[in-house]
Amino acid sequence: MTNPHDRLIRETLQDKEDAISFFKNSLPEKVIELLDLNRLELTQSSFISENLKEEQTDLLFQIPLKSGKKANVYLLFEHKSYLDEAVFSQLLGYISAIYKSQFKTDKRYSVVIPFVFYHGERSWTLGNSFQDRFILSKNEEEVFKKYIPDFELELFDLSKVDLKPIGKYHPKSDFRSGSKNMGRRCFIFRLFRRNI
1 MTNPHDRLIR
11 ETLQDKEDAI
21 SFFKNSLPEK
31 VIELLDLNRL
41 ELTQSSFISE
51 NLKEEQTDLL
61 FQIPLKSGKK
71 ANVYLLFEHK
81 SYLDEAVFSQ
91 LLGYISAIYK
101 SQFKTDKRYS
111 VVIPFVFYHG
121 ERSWTLGNSF
131 QDRFILSKNE
141 EEVFKKYIPD
151 FELELFDLSK
161 VDLKPIGKYH
171 PKSDFRSGSK
181 NMGRRCFIFR
191 LFRRNI
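According to the UniProt record's numbering, the residues represented by the sequence shown are 1 to 196, in order.
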C-alpha cells in the first residue's frame with residue numbers, strides 16, 4: 001500500500017481494542033446488540049486481484065453472534081478517500097467471493113456487512129444502497145427490483161463527525177492533506193477511541 005492513510009487505518013484496525021471501539025461507535029445500535037464484539041477477529045482476506053492490492057484497503061472481520069448460534073457476521077471494511085463510482089460493484093464482488101469461499105467449506109452463508117470509511121473532500125453522494133445506482137423510473141424499479149442483488153453499506157463519513165472532542169490539533173483537514181505521520185497516527189487513534 002502506497003497511501004499513508006490506507007496504511008495507518010489498516011494498522012490501527014489490526015489492533016483489536018481499536019477495532020472494537022471504532023465499530024461500537026460507528027455501527028447501528030441494533031446491530032451492536034446482536035454481536036459479540038469482544039470476540040471480534042481479523043481474518044485473512046484474499047478476495048482482491050493482485051493488480052488492485054496496492055489501491056484497496058480490504059479488511060475482513062469475523063464476529064460471533066451473542067445468541068451463540070453457529071454463525072458469524074463478517075464485517076467487510078473498505079476505505080475511500082474520494083467518490084468512487086465503482087464502490088458498490090467492488091463490494092458486490094468481495095461479498096460474492098466471500099460466499100463462494102464459505103460454500104466450499106461448510107455449505108452455509110454468513111451475514112456480510114459492507115462498511116465504508118470515507119474521508120474525501122466532496123460530500124458522499126453515492127447513496128447507501130446498490131439499488132440506488134440504477135437509473136430507473138419508479139414503475140421500472142418496482143418491476144425489476146426483484147432481479148437486482150441489492151445490499152446496503154454502512155457509511156462512516158468523516159465530514160459528518162464532530163471532531164471537537166478529539167482535539168484541536170488534529171482537524172480533519174490535517175488528515176486529508178497528508179500531515180506528518182505522527183499527527184495522522186494521533187488523529188486516527190483519537191478518532192477510533194472516541195467516546196469510550
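Note that the Cβ used here is the ideal one computed from N, Cα and C, for glycine as well.
Can you tell me whether DSSP reads residue i as helix, strand or coil?
i      : result
TYR82  : coil
TYR109 : coil
ILE9   : helix
GLN14  : coil
LEU148 : As written in the sequence, residue 148 is Ile, which differs from the Leu given in the question. The answer is coil: DSSP assigns ILE148 none of H, G, I, E or B.
ASN128 : coil
GLU29  : helix
ILE98  : helix
PHE117 : strand
GLN90  : helix
LEU75  : strand
ILE20  : helix
LEU34  : coil
Excluding the five sequence neighbours on either side, which residues of its own chain have a C-beta within less than 6 Å of the C-beta of residue i, listed in chain order?
i      : result
ILE95  : VAL112
GLU142 : none
Assign residue i to buried or exposed, taking buried as 16 or more other Cβ atoms, counted over all protein chains shown, within 10 Å of its Cβ.
i           : result
GLN90       : buried
LEU35       : buried
LYS80       : buried
ASN38       : exposed
PHE23       : buried
TYR109      : exposed
ALA71       : exposed
TYR147      : exposed
residue 240 : Only positions 1 to 196 of the chain appear in this structure, which leaves residue 240 out of reach.
Contact check, residue i vs residue j under 8 Å by CB: the rounded distance?
i      : j      : result
VAL31  : GLU78  : Actually they are not in contact, since the Cβ atoms of VAL31 and GLU78 sit about 17 Å apart, beyond 8 Å.
LEU42  : GLU154 : Not confirmed; about 18 Å, so no contact.
PRO114 : LEU76  : 5 Å
VAL87  : LEU126 : 7 Å
ASP150 : GLN131 : 5 Å
Output needed for residue i: all residues of its chain with C-beta closer than 7 Å, excluding positions within five of it in sequence on either side, in chain order.
i      : result
GLN14  : LEU42
LYS16  : LEU40
VAL73  : LEU35, ILE63, LEU65, SER110, VAL111, ILE113
SER129 : ASP150, GLU152
Can you list, in chain order, the residues of its chain with a C-beta nearer than 8 Å to that of residue i? Leave out the 5 residues immediately preceding and following it.
i     : result
GLU33 : LYS66
Subject >> Cβ contact (3+ pairs, closer than 8 Å) linking the region 121 to 138 and the region 94 to 105 >> reply: no
* Asked: Is the region 8 to 17 close to the region 130 to 138, with three or more CB pairs under 8 Å?
  -> no
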